[in-house]
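Undergrad: My numbering numbers the first residue of the sequence shown as 1 and each following residue consecutively.
We put the beta carbon where it would ideally sit given N, CA and C, even for glycine.
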Amino acid sequence: MRNKRVLLMMEIAIFGALGFVLDFVAFKMPQGGSVSLVMIPIVLMAFRRGVLAGVLTGLLVGLLQIVTGTISVTPLSFGFVVLQVILDYLVAYSVVGLAGITRRNYLDGHRNGRTGKMVTAIIAGVLFASLLRYVVHVITGVLFFGMYAEGNVLIYSAIYNATYMIPVFLLAAAVCSALFAAAPKLVDSKA
Numbered sequence: 001m002r003n004k005r006v007l008l009m010m011e012i013a014i015f016g017a018l019g020f021v022l023d024f025v026a027f028k029m030p031q032g033g034s035v036s037l038v039m040i041p042i043v044l045m046a047f048r049r050g051v052l053a054g055v056l057t058g059l060l061v062g063l064l065q066i067v068t069g070t071i072s073v074t075p076l077s078f079g080f081v082v083l084q085v086i087l088d089y090l091v092a093y094s095v096v097g098l099a100g101i102t103r104r105n106y107l108d109g110h111r112n113g114r115t116g117k118m119v120t121a122i123i124a125g126v127l128f129a130s131l132l133r134y135v136v137h138v139i140t141g142v143l144f145f146g147m148y149a150e151g152n153v154l155i156y157s158a159i160y161n162a163t164y165m166i167p168v169f170l171l172a173a174a175v176c177s178a179l180f181a182a183a184p185k186l187v188d189s190k191a
């Protein structure tokens, strides 16, 4: 039992570090946000070990970004900055781990040799996780970046965050679908 926990912690650490590194392979937006591969290791962990492991992996990615200072914050008071960092990094990356809610459908498709069901489960999980991350970023945009808005702050934040979250979803869904369907052993935690 203890060895399984150690193995799980090691996998979370490895995939968290991989997500952190993959975030550097990115197209950066002028006022924050980027199109990167950061979600892929988090989603992989969520499908490999379940939702909790995915959430912890996302949390680790966010923590690594905070600790290394690779974050963008608003020029507000310290209390607001702390709240913004918690939402934009810890919560936003943690919710990506919720992609694992479709894990059972993926595993069922894999057992029955139905690649279409596997891909559908992957895309649905990545879409759900991307929508949650998008909502968190829209909220932080409204609360903390409204000073840059021209017109309605909510519309500005929704459009701005969509400019990078839609490509992030498409990229993560395509890569995860191709990767998990071609190499289902990646998702098999017993392999």
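Taking the Cβ atom as the reference point for each residue, do L63 and I40 lie within a distance shorter than 8 Å?
TA: No, Cβ-Cβ distance for L63 and I40 is not below 8 Å.
Undergrad: Please decide whether K185 counts as near chain B, where near means a Cβ-Cβ distance under 8 Å.
TA: No chain B is present in this structure, which holds just one protein chain.
Undergrad: Just mark V85 as buried or exposed, buried being the case when its beta carbon has 16 or more other beta carbons within 10 Å.
TA: So V85 ends up on the buried side.
Undergrad: What does V35 pair with, by DSSP beta-bridge criteria?
TA: Beta-bridge pairing links V35 to F27.
Undergrad: In the DSSP assignment, the alpha helix (DSSP H) including A99 goes from what residue to what residue?
TA: Taken as a continuous stretch (DSSP letters only), A99 belongs to no alpha helix (DSSP H), as it is neither H nor E.
Undergrad: Quick check: V95 and R49, are their CB atoms within less than 8 Å of each other?
TA: Cβ distance not < 8 Å, so V95 and R49 don't count as in contact.
Undergrad: Measure the C-alpha to C-alpha separation of N112 and T68 and round it to an integer number of angstroms.
TA: Taking the straight line joining both Cα atoms gives about 44 Å.
Undergrad: Can you give me the start and stop residues for the alpha helix (DSSP H) that G116 sits inside?
TA: Taken as a continuous stretch (DSSP letters only), the alpha helix (DSSP H) holding G116 covers 115 to 144.
Undergrad: For A129, does the count of other Cβ atoms within 10 angstroms reach 16, so buried, or fall short, so exposed?
TA: Counting Cβ neighbours within 10 Å, A129 comes out buried, since at least 16 surround it.
Undergrad: When you compare only the Cα positions, how much space is there between E150 and S157?
TA: One C-alpha to the other measures close to 10 Å.
Undergrad: I need the straight-line Cα distance from E11 to A26, nearest angstrom please.
TA: Each residue's Cα considered, the two are about 24 Å apart.
Undergrad: Quick one, which of V142, D188, K117 has its alpha-carbon nearest I155's?
TA: Considering only alpha carbons, the answer is V142.
Undergrad: Can you give me the start and stop residues for the alpha helix (DSSP H) that S189 sits inside?
TA: Element bounds for S189: n/a, residue is neither H nor E.
Undergrad: Since Y93 contacts G58 with CB under 8 Å, what's their CB separation in whole angstroms?
TA: About 4 Å; that satisfies the 8 Å criterion.
Undergrad: Sorted by chain position, which residues of the same chain lie with C-beta nearer than 6 Å to V153's C-beta, five sequence neighbours on each side aside?
TA: Once the five neighbours on either side are set aside, the close Cβ partners of V153 are V142, G146.
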